[in-house]
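Protein chains in written order, with the working numbering: chain R, 1 to 203; chain S, 1001 to 1203. To start, the structure itself, in structure tokens.
There are 2 protein chains.
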Amino acid sequence: MEAALSIFENFGRDALTFNRLGAELGASSTAVYRHFQGRDEILEAVAEELNLISLRGYEASARWQDSLMDLAMRAWDTAEKYPAAAANSFFIATGGENELRSVDAILQALHEAGYRGSEAVVNYQVFSNMVLGSGIALASDLLLEAESGNTIANIQEYSPPRPELFPYAEAVKHELSNFNRRNVYTQHVSMLISSFEQNAPRR
Amino acid sequence: MEAALSIFENFGRDALTFNRLGAELGASSTAVYRHFQGRDEILEAVAEELNLISLRGYEASARWQDSLMDLAMRAWDTAEKYPAAAANSFFIATGGENELRSVDAILQALHEAGYRGSEAVVNYQVFSNMVLGSGIALASDLLLEAESGNTIANIQEYSPPRPELFPYAEAVKHELSNFNRRNVYTQHVSMLISSFEQNAPRR
DNA sequence: ACCTGAACACCGTTCAAGT
DNA sequence: ACCTGAACACCGTTCAAGT
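As structure tokens, this is what we get:
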């Protein structure tokens, strides 16, 4: 897994091949098959590894709101540190131990917020889709920047041939080209946590 | 683009190759290079095509809340209909016309909600990350189900070796295995729209 | 202007053979 | 138990040659 992460982050989004894994580990590429059934199984293990890294040292906070913010920022930091690995593995459901630890940690916070049963599960899904989606968006941006050499390669190349067709985008074009991704994320997480607070059943 | 979408949905997530594109179009695979610089450019065009399909017939509603819900459901329906294409292209920033139409439609709704400048842009980012992230999550689930032949292949294979380590997941394991993805999504979208309402500056 | 065929370097995967 | 080397079918991409 160390070798896999290092290959991803040194050589980019599509870099994880059996050849490179074998070379990095000082073995033949086919030897890897002795330890993984195929490429999908390696990516599953990468997903588990990123969950492990994200959760390292995690403990629930006194306030459930702080727990959720902590968990959200841990995933963000992991996506920022390992964008190529994150872009390849954030939406793989492993069913493994570290994934379950994440699930359980989120469900614990929602339990403390007062949610039970299917309401807890719906809010868990909402939270985890937000975290993983934002993580992939960040990872995609970072990879695109790394390829192109530019900073913020996203929508900010705003220069349409007929700007009069997009008046609302035109009105905020400078803000579109220049915003802080981390601020957007913390605001997004805060919005969800506030919603969880407001909608929580009283107990 | 029709051929590309058809290949994706008939043969799966990794099916879009030059060989298959050529065959589907009754031409040699290398002829495709006359029309696209490379594979990345094809995927960009697929992303534009999915935006076009999503926006077909869209008009802003009287209430900005309804506009945002409409846009959110359109992206959802597209991801459901074209999961392989969506999984490959939802986070590609094309800078193209249809992407800009989406951006502009969201910004119009947020403008009507009272947001301007960087506040509009932050909320646009929040909304679009939610929509795209949920779309990729749906697409990944559907692809996994198609591969495995099962229904809901996600976290619902919940059967850890030591369930006592995950008490909060254990408490809702039946709900984890059996939830309605569309309901989760509509609730997620509603939560964001409510937040936009509550935080909107008064004008 | 558009297409074809051969070629290149590289994939994932399998498997008989080695130690 | 673990690794290697050869082989297979398939990639994306380039390019000279055709019409």
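Backbone N, C-alpha and C define an ideal beta-carbon position, used for all residues, glycine too.
Report buried or exposed for residue i, applying the criterion of at least 16 other Cβ atoms within 10 angstroms of its Cβ.
| i | result |
| --- | --- |
| glutamate 147/R | exposed |
| histidine 188/R | buried |
| glutamine 125/R | buried |
| tyrosine 33/R | exposed |
| leucine 287/R | No information on residue 287/R is available, as it lies outside the stretch 1 to 203 that chain R covers here. |
| alanine 84/R | buried |
| phenylalanine 1011/S | exposed |
| arginine 74/R | buried |
| aspartate 1040/S | exposed |
| threonine 30/R | exposed |
| aspartate 1066/S | exposed |
| serine 134/R | buried |
| serine 159/R | exposed |
How would you list, in chain order, the residues of chain R whose beta-carbon sits under 8 Å from the beta-carbon of residue i?
| i | result |
| --- | --- |
| aspartate 1104/S | Leu165, Phe166, Pro167, Tyr168, Ala169 |
| valine 1122/S | Phe179, Asn183, Val184, Gln187 |
| asparagine 1088/S | Within 8 Å Cβ-Cβ: nothing; asparagine 1088/S doesn't reach chain R, min ~12 Å. |
Please check the pair residue i and residue j, which I expect to be a contact at CB under 8 Å, by giving their CB distance rounded to whole angstroms.
| i | j | result |
| --- | --- | --- |
| alanine 4/R | isoleucine 42/R | 7 Å |
| leucine 138/R | glutamate 80/R | 6 Å |
| glutamate 48/R | threonine 94/R | 5 Å |
| asparagine 123/R | asparagine 51/R | Wrong, their Cβ atoms sit about 20 Å apart, outside the cutoff. |
| serine 194/R | serine 1195/S | 7 Å |
| tyrosine 58/R | aspartate 77/R | The pair is not a contact, with the Cβ atoms about 12 Å apart (cut-off 8 Å). |
| leucine 132/R | phenylalanine 90/R | 5 Å |
Determine, for residue i, whether the minimum Cβ-Cβ distance to residues of chain S falls below 8 Å.
| i | result |
| --- | --- |
| glycine 117/R | yes |
| isoleucine 204/R | Outside the shown range of chain R (1 to 203) lies residue 204/R, about which nothing can therefore be said. |
| alanine 137/R | yes |
| glutamine 65/R | no |
| serine 54/R | no |
| alanine 69/R | According to the sequence shown, residue 69/R is methionine rather than alanine. Methionine 69/R does not count as touching chain S. |
| serine 29/R | no |
Determine whether the Cβ of residue i lies closer than 8 Å to any Cβ atom of chain R.
| i | result |
| --- | --- |
| asparagine 1051/S | no |
| glycine 1133/S | yes |
| glutamine 1037/S | no |
| phenylalanine 1021/S | Sequence inspection shows leucine at residue 1021/S; the phenylalanine mentioned does not correspond to that position. No, because no Cβ of chain R sits closer than 8 Å to the Cβ of leucine 1021/S. |
| glutamate 1059/S | no |
| serine 1195/S | yes |
Given that residue i touches chain S, what residues does it touch there, using C-beta distances under 7 Å?
| i | result |
| --- | --- |
| proline 160/R | Leu1100 |
| phenylalanine 91/R | Ile1136, Ala1137, Ser1140 |
| serine 148/R | The contacting residues do not exist; serine 148/R stays about 11 Å from chain S at best. |
| leucine 176/R | Val1121 |
Whose Cβ in chain S lies nearer than 8 Å to the Cβ of residue i?
| i | result |
| --- | --- |
| leucine 144/R | Ala1093 |
| valine 126/R | Val1184, Gln1187, His1188, Met1191 |
| methionine 130/R | Asn1129, Met1130, Gly1133, His1188 |
For residue i, return the contacting residues in chain R, with the cut-off set at a CB-CB distance below 7 Å.
| i | result |
| --- | --- |
| valine 1267/S | Residue 1267/S lies beyond the range of chain S shown here (1001 to 1203); nothing can be said about it. |
Point to revise | Uninterrupted alpha helix (DSSP H) stretches inside the segment 1037 to 1107 of chain S (no shorter than 4 residues) | key: DSSP runs (the alpha helix (DSSP H)) wholly in the segment 1037 to 1107 of chain S: 1039 to 1055, 1064 to 1081, 1083 to 1089.
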